[in-house]
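These notes concern the structure reproduced below.
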Amino acid sequence: MSLSIKVKDYEVKGEHIEYIIEVLDKLTGESWKFFRRYSTLRDIHKQLKSLDNKVPEFPPKKIFGSKNPRFLAQRKGELDVYFTEIVKLSSLMQNTFTKDFLKPKDAIMLKTSPSVPTVPYKKPKQGPEIQNFVNQLNDVVSAKFFDLSSQPAPAEEDEVKRQMKIFEGFAKNLKIADNSRIPEGSHINGDYFKSTVVKQGWARRAFKDLNNIVKKADTPALIISF
16 MSLSIKVKDY EVKGEHIEYI IEVLDKLTGE SWKFFRRYST LRDIHKQLKS
66 LDNKVPEFPP KKIFGSKNPR FLAQRKGELD VYFTEIVKLS SLMQNTFTKD
116 FLKPKDAIML KTSPSVPTVP YKKPKQGPEI QNFVNQLNDV VSAKFFDLSS
166 QPAPAEEDEV KRQMKIFEGF AKNLKIADNS RIPEGSHING DYFKSTVVKQ
216 GWARRAFKDL NNIVKKADTP ALIISF
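The sequence shown begins at 16 in my numbering and counts up by one.
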């Protein structure tokens with residue numbers, strides 16, 4: 016907040032005097048003015064002093080001759096010096112109380128901040144070289160990548176559930192014959208095992224003896240002898 020404060024003049028209003036205080040915002044270029052009595056400014060000084068003890072002394076009060084033009088001119092100059100010192104106290108100028116005092120609600124605007132003209136955006140024109148480059152880039156991309164628009168879309172969730180129910184119905188009614196689980200050639204051994212030959216004792220003994228021969232004999236010799 017960079018302000019310049021000047022006590023420009025004073026006005027006699029009825030039985031009292033009001034000083035005209037003009038403020039300029041150096042950053043925005045705005046300026047405004049407001050009117051305050053000496054007694055009001057003295058009360059403001061007390062508040063500022065409580066916020067910062069570096070605040071300069073306020074012009075003293077005069078009991079007699081307070082409306083004398085020479086005295087009023089002198090007081091105007093003293094107030095002007097007072098506010099010149101106030102603006103040098105940066106921490107005080109950042110205080111909310113000080114800001115509200117220097118720009119009150121009854122301030123009269125003298126100059127508003129200059130508005131910056133808005134320039135509408137204009138899309139730059141594309142020359143033939145840029146347009147040709149864009150067309151070539153599109154051709155390269157189309158040649159390098161698949162056209163996703165031609166790919167089949169994934170099945171919807173409801174359709175997937177419907178297909179699953181159909182498959183479950185087929186599997187539920189499907190019957191598999193027990194014979195299909197028997198390895199090839201096993202049916203021969205099965206029929207033989209059920210015959211009466213297996214139940215005879217001499218057959219068991221013969222197989223037992225054969226088993227002992229296999230365990231003891233050399234495999235090539237066994238094949239030849241057999």
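Where is the CB? At the ideal position from N, CA and C, for every residue including glycine.
Is Val-175 buried or exposed, if buried means 16 or more other CB atoms sit within 10 Å of its CB? exposed
Along the chain, where does the beta strand (DSSP E) that runs through Leu-18 open and close? 18 to 28
Tell me whether Thr-113 is buried or exposed, calling it buried when 16 or more other Cβ atoms sit within 10 Å of its Cβ. Buried: at least 16 other Cβ atoms inside 10 Å.
8 Å Cβ cutoff met for Trp-47 and Leu-107: In this structure, Leu-107 does not lie closer than 8 Å to Trp-47 by Cβ.
How big is the Cα-Cα spacing for Val-38 and Gln-109? 15 Å
When DSSP builds the beta bridges, which residues end up paired with Phe-50? Ile-35
Measure from the alpha carbon of Leu-56 to the alpha carbon of each residue in Lys-41, Glu-93, Asp-40 and Gly-29, then state which is nearest. Glu-93
Close-in-space but distant-in-sequence residues of the same chain around Leu-42 (CB under 6 Å, 5 per side omitted): Ser-17
What does a CB cutoff of less than 6 Å around Lys-23 pick up in its chain, not counting 5 residues either side in sequence? The residues Ile-35 and Glu-37, in chain order, have a CB closer than 6 Å to that of Lys-23 in the same chain once the five nearest residues on each side in sequence are set aside.
Distance between Glu-72 and Ser-128 (C-alpha atoms, nearest Å): 33 Å
Note down, in chain order, each residue of its chain lying with its Cβ closer than 6 Å to the Cβ of Val-213, except the 5 sequence neighbours on either side. Note that Val-213 scores a pLDDT of 47, beneath 50, so its modelled location is shaky; the value from the coordinates is reported in the next line. Closer than 6 Å at the Cβ level, and outside the excluded window around Val-213, lies no residue.
Reduced DSSP category for Asp-115 - H, G, I as helix; E, B as strand; rest coil: helix
Less than 8 Å separating the beta-carbons of Arg-242 and Ile-20? Here the chain has residues from 16 to 241 only, and residue 242 is not among them.
Can you tell me whether Tyr-25 is buried or exposed, with buried defined as 16 or more other CB within 10 angstroms of its CB? buried
Considering only residues of the same chain and omitting the five flanking positions on each side of Tyr-97, which have a CB-CB separation below 7 Å? Pro-71, Phe-73 and Pro-74
What is the residue span of the alpha helix (DSSP H) that Ile-101 lies within? 84 to 101
Among Pro-143, Ile-123 and Ser-81, whose alpha-carbon lies nearest the alpha-carbon of Ser-54? Ser-81
According to the neighbour-count rule (16 or more other Cβ atoms, all chains shown, within 10 Å of its Cβ), is Ile-101 buried or exposed? buried
Checking the sheet assignment: what are the DSSP bridge partners for Ile-145? For Ile-145, which the question treats as bridged, DSSP gives no partner whatsoever.
Once the 5 residues before and after Arg-177 are set aside, which same chain residues still bring their CB inside 6 Å of it? none
Let's test the definition: count the other Cβ atoms within 10 Å of the Cβ of Asn-153 and tell me whether it reaches 16, buried, or not, exposed. exposed
Can you tell me the Cα-Cα spacing of Asp-1 and Gln-89, whole angstroms? There is simply no residue 1 to check, as the chain begins at 16 and stops at 241 in what is shown.
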